[in-house]
Every structure is written in structure tokens, then in C-alpha cells.
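Data first, discussion second: the structure below is written as C-alpha cells.
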Amino acid sequence: MKVNVKCKSCGSDKFQIPPRPNNNSKVTCGKCGAVETYGNIMKAVGDKVTEDLKREFGKLFK
């Protein structure tokens with residue numbers, strides 16, 4: 007499963023990420039400069055993957 011992460015502000019998929027990020031590390035959009043924490047981004051990715059898997063499993067058992 008592939009997950010695309012996009013900036014909430016401008017939709018870019020280019021980010022500046024610290025070499026060894028932790029949950030409090032700042033991730034900066036390479037296009038507009040918007041800042042979010044690495045932890046918040048990873049939580050959003052996990053939520054999206056969970057949602058997608060539930061939808062796909064639901065299709066299997068109809």
C-alpha cells in the first residue's frame with residue numbers, strides 16, 4: 007500500500023525532514039514553508055492507512 011503525504015496548506019509533497027526525526031521534530035513544507043510535527047504527520051498517515059484497510063476489508067466480506 008502506498009501512502010502519499012501532502013501539505014495541508016498548498017498540497018505539495020516536498021518536505022524538509024530532520025535526519026533522525028522524533029514525534030516533536032518540525033517538518034517543513036518545501037514549497038510554502040508550513041510547519042507540522044513529525045508525530046502529527048505520522049498519526050495522520052496511520053489513521054489514513056487504517057481507514058483504507060477497513061474499507062478494503064469491507065469489500066472482501068460483502
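In terms of this note's numbering, the sequence shown opens at residue 7 and continues consecutively.
For each residue, glycine too, the CB sits at the ideal point set by N, CA and C.
Query: Whose C-alpha, out of Phe67, Thr56, Lys65, is nearest the C-alpha of Lys8?; Result: Thr56
Query: For the candidate residues Ala50, Gly17, Val33, whose alpha-carbon lies nearest to that of Pro24?; Result: Val33
Query: Where does Phe21 fall in DSSP's three states?; Result: strand
Query: Please classify Val77: does DSSP put it in a helix, a strand, or coil?; Result: Residue numbering for the chain in the displayed model covers 7 to 68; residue 77 lies beyond these limits and cannot be assessed.
Query: Would you mind sorting Cys16 into buried or exposed? The rule is 16 or more other CB atoms within 10 Å of its CB.; Result: exposed
Query: With DSSP as the reference, label Glu65 as helix, strand or coil.; Result: Glu is not the amino acid found at residue 65; the sequence shown has Lys there. Three-state result, Lys65: helix.
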